[in-house]
Amino acid sequence: MSNTRKLVFSAMGIALAMVTSYIKVWEMPMGGSVTLLSMLFICLIGYWFGPRYGLITGIAYGILQFVVDPYMVSLPQVLFDYPLAFGALGLSGFFSDKKYGLQTGYVAGVLGRFIFSTLSGVIFFASYAPEGMNPWVYSSLYQGTYLGAEGIVTLIILSIPPVSKALASVKAQTK
0 MSNTRKLVFS
10 AMGIALAMVT
20 SYIKVWEMPM
30 GGSVTLLSML
40 FICLIGYWFG
50 PRYGLITGIA
60 YGILQFVVDP
70 YMVSLPQVLF
80 DYPLAFGALG
90 LSGFFSDKKY
100 GLQTGYVAGV
110 LGRFIFSTLS
120 GVIFFASYAP
130 EGMNPWVYSS
140 LYQGTYLGAE
150 GIVTLIILSI
160 PPVSKALASV
170 KAQTK
C-alpha cells in the first residue's frame, strides 16, 4: 500500500476517533470518559500499518485533542496527557502480525495510555487524592475506571464474529 493511502487511512482514523470521542457514554468528574470506541480507531492504524504509523497517528491525535479541548497545568503535564498518552495507543502496531494481534495490540495501547495518564495523575494531580490515600492508588483507580470500562466494551465488540471478520478484511486490503 502506498504511503499516500496510509496517510489517508491515518487521517480517517483520527477523524473517526475525534467524532467518537464526543459520543460519551460516561464522564469522569475531573476529566476522562468512556466513549464510543474512540481509542480503537487509533489502535487500528497501528494494527494495520505497524508501530511507526500507529505511534505517529496517536501523537497527532493527542495534539489535536489538546488543541480542541485543552487542559494545561504545565508543559510536561500536556506532554504526558496528550501526545504521550494518546501516542501510546500506537503500540498496537507491535502486534500486527500476531494471532489475536488486534485484541492484544489494543490492550497494549490502552495499557500504554493508562501508564502515561497514571504518571500524570501522580506527578501533576496528586493533591486531588483523598486525604490519606496514596496518589499512585488514587491515580491508578481513577484512570483505570474509564480506560478499563471502554477497553472491556471495545474488546467485547471486537469479539463479535462479523466485526472481527470485517476488520480482518480491511487489514488484508492494506497489504
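Sequential numbering from 0 applies to the sequence shown in numbering that gives the first Met the number 0. The beta-carbon is built from N, C-alpha and C at its ideal position, and this holds for glycine as well. The model shown is predicted, which means the values in this text are computed figures rather than measured ones.
Distance from the Cα of Tyr-60 is smallest, within the candidate group Gln-172, Arg-112, Tyr-137, Asn-133, for Arg-112. Residue environment analysis places Trp-47 among the buried positions, since at least 16 neighbouring C-beta atoms fall within 10 angstroms of its C-beta. Sequence-distant partners of Gly-31 (beyond 5 residues in either direction) whose C-beta falls short of 6 Å from its own C-beta, in its chain, are Tyr-145. Counting only runs that start and end inside the stretch 37–125, the alpha helix (DSSP H) elements of at least 4 residues fall at 37–48, 50–67, 74–78, 100–123. Between Gly-86 and Phe-93, the gap from beta carbon to beta carbon reaches 8 Å or more. Non-local C-beta neighbours of Ile-122 in its own chain, meaning closer than 8 Å and more than five positions away in sequence, comprise Pro-75, Gln-76, Phe-79, ordered along the chain. For Val-33, the beta-bridge partners assigned by DSSP are Trp-25. Closest option to Asn-2, judged by alpha-carbon separation, among Ile-44, Asn-133, Gln-64, Tyr-70: Ile-44.
Closest in C-alpha terms to Gly-89, from the list Glu-26, Thr-117, Cys-42, Ala-148, comes Cys-42.
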